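Working notes, structure below.
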Amino acid sequence: GNSVTQMEGPVTLSEEAFLTINCTYTATGYPSLFWYVQYPGEGLQLLLKATKADDKGSNKGFEATYRKETTSFHLEKGSVQVSDSAVYFCALSDAGSGTYKYIFGTGTRLKVLA
Amino acid sequence: DVKVTQSSRYLVKRTGEKVFLECVQDMDHENMFWYRQDPGLGLRLIYFSYDVKMKEKGDIPEGYSVSREKKERFSLILESASTNQTSMYLCASSRSGVSYEQYFGPGTRLTVT
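In order, the protein sequence lines correspond to chains C and X. Under our numbering, residues 2 to 115 are what the first sequence spells out, in order. Under our numbering, residues 93 to 205 are what the second sequence spells out, in order.
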């Protein structure tokens, strides 16, 4: 079945450091890939998405490229801020069996220190 | 902007009580979902619905039921709450189509004592 694996946290970085959160997936079809962010006490918000191979999603300085050959969708940011402290979820959607389901990774907590 | 609202942010119920969690979306989305979120386990799908009066079981439907009488509203029902149902419950909605993202509500933190 479909699955998403992302690196375990927590990840602790200093402000202005480079961020990478790894995400790999398995899927039988042609999924779309997403990164969501969850700030404390809130629901998930879409951060970025990519719907086909080699697409790059970007938002708020974050980027991720849909790599079909390595089945990966790693999240990167060149210079993190304290306000980026949150939990990040990698997810895929697939239309298996005619209905749309979303599969989430377990989340990676990021803590950015001033 | 899409809005997904949930009836309560925090809820405390006793073991054996019947619990209703309500979710409303205002963007005419076909699909609606209920998840529970627990530390270390990520999001687990309880039920989803792709049309009014239609529902499908997710990965952990035991102990839960759902109702979707109107397109904008999706209710999660705990028939007889138990302590192991203490969790954060998240509702989401989306348009139909593999490229469409989900929109999430703020969550309901349910404690069963």
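The C-beta atom is built at its ideal place from N, Cα and C for all residues, glycine as well. Note that the structure is predicted; figures quoted are calculated from it, not measured.
Tell me, which residues are paired with residue i by DSSP?
i	result
residue 64 of chain C	C:59 and C:77
residue 103 of chain X	X:202
residue 13 of chain C	C:112
residue 180 of chain X	X:129 and X:201
residue 95 of chain X	In the DSSP output, where bridge partners are listed per residue, residue 95 of chain X has none listed.
residue 190 of chain X	BP columns for residue 190 of chain X are empty, so no partner.
residue 48 of chain C	Note: residue 48 of chain C sits in no beta bridge, so no partner.
residue 21 of chain C	C:77
residue 6 of chain C	C:25
residue 37 of chain C	C:47 and C:90
residue 95 of chain C	C:102
Grouping DSSP H, G and I as helix and E and B as strand, with all else coil, what is residue i?
i	result
residue 175 of chain X	helix
residue 130 of chain X	strand
residue 217 of chain X	Nothing can be reported for residue 217 of chain X: it is not among the residues displayed for chain X, which extend from 93 to 205.
residue 83 of chain C	helix
residue 144 of chain X	coil
residue 161 of chain X	strand
residue 104 of chain C	strand
residue 149 of chain X	strand
residue 31 of chain C	coil
residue 114 of chain X	strand
residue 124 of chain X	strand
According to the neighbour-count rule (16 or more other Cβ atoms, all chains shown, within 10 Å of its Cβ), is residue i buried or exposed?
i	result
residue 129 of chain X	buried
residue 107 of chain X	exposed
residue 101 of chain X	exposed
residue 67 of chain C	buried
residue 114 of chain C	exposed
residue 55 of chain C	exposed
residue 43 of chain C	exposed
residue 156 of chain X	buried
residue 188 of chain X	exposed
residue 85 of chain C	buried
residue 106 of chain C	buried
residue 53 of chain C	exposed
Report yes or no: is there a C-beta of chain C within less than 7 Å of the C-beta of residue i?
i	result
residue 198 of chain X	yes
residue 113 of chain X	no
residue 116 of chain X	no
residue 100 of chain X	no
residue 191 of chain X	yes
residue 182 of chain X	yes
residue 194 of chain X	yes
residue 134 of chain X	yes
Taking 7 Å as the CB-CB limit, is residue i close to chain X?
i	result
residue 103 of chain C	yes
residue 4 of chain C	no
residue 44 of chain C	yes
residue 15 of chain C	no
residue 108 of chain C	yes
residue 69 of chain C	no
residue 47 of chain C	yes
residue 59 of chain C	no
Under a CB-based cut-off of 7 Å, is residue i close to chain B?
i	result
residue 10 of chain C	Given the protein chain composition of this structure (C and X), no chain B is represented.
>> Would the region 84-98 of chain C count as touching the region 26-35 of chain C if we require 3 or more Cβ pairs under 8 Å?
In response: yes
> Within the chosen definition, does the region 5-13 of chain C reach the region 160-173 of chain X through at least 3 CB pairs nearer than 8 Å?
Replying inline: no
> Between the region 17-25 of chain C and the region 59-78 of chain C, do three or more beta carbon pairs fall short of 8 Å?
Replying inline: yes
> With a cut-off of 8 Å, do at least 3 Cβ pairs link the region 147-163 of chain X to the region 190-202 of chain X?
Replying inline: no
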